[in-house]
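One structure is given below, encoded as structure tokens.
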Amino acid sequence: MSTMRAMICAETGREANLSLHEIARPDPGPDEVLIRVRVAGVNFADSLMLAGRYQDRPEPPFAPGLEAAGEVAALGSTVKGWKEGDRVLAFLDHGGFADYVVARAQDLHAIPSPVDDPTAAALGIAYGTAHGSLVWRARLQPEEWLAVHGAAGGTGLASVEVGKALNARVIATAGSPEKLAVAATHGADALIDYRKEDLRDRIKALTAGQGADVILDPVGGAVFEASLRALAFEGRLLTLGFAGGSIPQAPANIVMVKNISVAGFYWGAYRRRAPARVAQQMRDLFAWLMQGRLQPLVSHRLPLEEGAAALDLLRRRKATGKVVLETGG
Ligand SMILES: NC(=O)c1ccc[n+]([C@@H]2O[C@H](COP(=O)([O-])OP(=O)(O)OC[C@H]3O[C@@H](n4cnc5c(N)ncnc54)[C@H](OP(=O)(O)O)[C@@H]3O)[C@@H](O)[C@H]2O)c1
Numbered sequence: 262m263s264t265m266r267a268m269i270c271a272e273t274g275r276e277a278n279l280s281l282h283e284i285a286r287p288d289p290g291p292d293e294v295l296i297r298v299r300v301a302g303v304n305f306a307d308s309l310m311l312a313g314r315y316q317d318r319p320e321p322p323f324a325p326g327l328e329a330a331g332e333v334a335a336l337g338s339t340v341k342g343w344k345e346g347d348r349v350l351a352f353l354d355h356g357g358f359a360d361y362v363v364a365r366a367q368d369l370h371a372i373p374s375p376v377d378d379p380t381a382a383a384l385g386i387a388y389g390t391a392h393g394s395l396v397w398r399a400r401l402q403p404e405e406w407l408a409v410h411g412a413a414g415g416t417g418l419a420s421v422e423v424g425k426a427l428n429a430r431v432i433a434t435a436g437s438p439e440k441l442a443v444a445a446t447h448g449a450d451a452l453i454d455y456r457k458e459d460l461r462d463r464i465k466a467l468t469a470g471q472g473a474d475v476i477l478d479p480v481g482g483a484v485f486e487a488s489l490r491a492l493a494f495e496g497r498l499l500t501l502g503f504a505g506g507s508i509p510q511a512p513a514n515i516v517m518v519k520n521i522s523v524a525g526f527y528w529g530a531y532r533r534r535a536p537a538r539v540a541q542q543m544r545d546l547f548a549w550l551m552q553g554r555l556q557p558l559v560s561h562r563l564p565l566e567e568g569a570a571a572l573d574l575l576r577r578r579k580a581t582g583k584v585v586l587e588t589g590g
């Protein structure tokens, strides 16, 4: 029997619930592909899954990891269009924190040869979410004011870059001067430290009293509530997640009186319901990357066995851009 290393969660709901195990290497089903993982992307959602607080709740034991860059190691009997050795970015229900993982063939995307594995892994979910929320849901227009919360995080920094690539005027908000400096390096036009400054007042001041046309919110809580009051006429507030921990309410009277829209965006739903759309999105994003319009930041590259430490960086707000795990394979 062939074996592999995997970071396994034996029980959900506890803090330090991830450890390295040697387990059997999986076989792909008929419409699946076995991927030799080189780099796994680390997401806030992995922590939520380990805590048993994510929308998908796999039965332990399982390995977390929603995206991986690597190469095709074996093909299921009905899979067409891929061959062993192809370099791919794979999206996963979970399992990326391992030497090998099985993915559905429809969830594979070719990595163009100039793009390295850490960059491909950093592009995946973060830029897919940024692009999908801004283009598909918010319909962001050139010259509109876009405010991005948590703007130095994985999804936040990707949203700053995608916003600039779409020719919006981008306000980055984050919780420290160091993080705001990172957002500025990646193109943000204006900066707000939401631990020190009043979000609504500053956004209004930056937009000549009008408010932001689009606000992207992966943080939730008080940041979401202030955003409702910082939107322009016919503004769109996109809720992406609740990294701050609390799930806010949107009072319908404010939504009505201000003529604003509050919309949700969950990229994983498109992966399942509209794979062809995601495939086109990934081709577009890789093309933008190679044109120099996107520059994903990987702040930490850790070995696979440090998966728990990698997640801790996100929990303690120590990461900027993306954190990735490398298998050394
Ligand atoms: N809807 C979707 O399709 C989708 C896709 C990807 C991610 N998400 C969601 O987006 C959020 C960010 O995910 P990510 O992977 O980009 O995570 P990340 O890189 O860790 O970024 C999260 C950011 O949130 C801010 N934050 C505020 N309060 C926090 C707290 N108590 N703990 C941790 N961070 C806090 C941090 O910025 P400051 O320190 O500057 O405040 C941090 O940079 C998560 O809620 C995730 O579930 C949603």
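Here our numbering is used: the first residue of the sequence shown is 262, the next is one more, and so on. Even glycine gets a Cβ: it sits at the ideal position worked out from N, Cα and C.
Note that the C-beta distance between residue 387 and residue 369 is not below 8 angstroms. Look at residue 379: its beta carbon is at least 7 angstroms from all of the heavy atoms in ligand 1. Residue 298 holds the alpha-carbon nearest to the alpha-carbon of residue 589 among 298, 270, 435, 268. Each of 304, 305, 306, 390, 411, 414, 415, 416, 435, 436, 440, 479, 480, 501, 502, 504, 505, 527, 528, 575, 578 has a C-beta closer than 5 angstroms to some heavy atom of ligand 1; these make up the full list, in chain order. Residue 321 is not a Cβ neighbour of residue 283, given a cutoff of 8 angstroms. Every beta strand (DSSP E) of 3 residues or more that sits fully in the segment 364 to 415 is shown, in chain order, as 369 to 371, 406 to 409. Residue pairing from DSSP places residue 583 in a beta bridge opposite 559. Looking only at 294, 358, 328, the smallest Cα-Cα distance to residue 341 is reached by 294. The segment 543 to 558 makes contact with the segment 375 to 391; the number of CB pairs closer than 8 angstroms reaches 3 or more. The residues 401, in chain order, have a CB closer than 6 angstroms to that of residue 427 in the same chain once the five nearest residues on each side in sequence are set aside.
Around the Cβ of residue 440, a 10 Å sphere holds 16 or more other Cβ atoms; the residue is buried. Residue environment analysis places residue 583 among the buried positions, since at least 16 neighbouring C-beta atoms fall within 10 angstroms of its C-beta. Rounded to whole angstroms, the gap between the alpha carbons of residue 472 and residue 407 is 10 angstroms. The DSSP assignment places 513 to 518, 528 to 534, 536 to 551, 568 to 576 as complete runs of the alpha helix (DSSP H) inside the segment 496 to 581, in order along the chain (cut-off: 4 residues).
In summary, residue 288 is exposed, with fewer than 16 beta-carbon neighbours lying within 10 Å of its beta-carbon over all protein chains present.
Excluding five sequence positions before and after residue 301, the CB atoms of its chain that fall closer than 6 angstroms to its own CB belong to 326, 329, 357, 358, 586, given in chain order. In the structure shown, residue 265 falls within a strand segment according to DSSP collapsed to helix, strand and coil. Exclusion of the five residues before and after residue 343 leaves 294, 333, 336, 349, 366, 369 as the residues of its chain whose Cβ lies within less than 8 angstroms of its Cβ. Contact between residue 467 and residue 447 does not hold, since the beta-carbon distance rounds to 18 angstroms and is not under 8 angstroms.
In this structure residue 265 is in contact with residue 360, their Cβ atoms being roughly 4 angstroms apart against a cut-off of 8 angstroms.
In terms of Cα proximity to residue 411, the closest of 513, 484, 354, 533 is 484.
Between residue 474 and residue 506, the gap from beta carbon to beta carbon reaches 8 angstroms or more.
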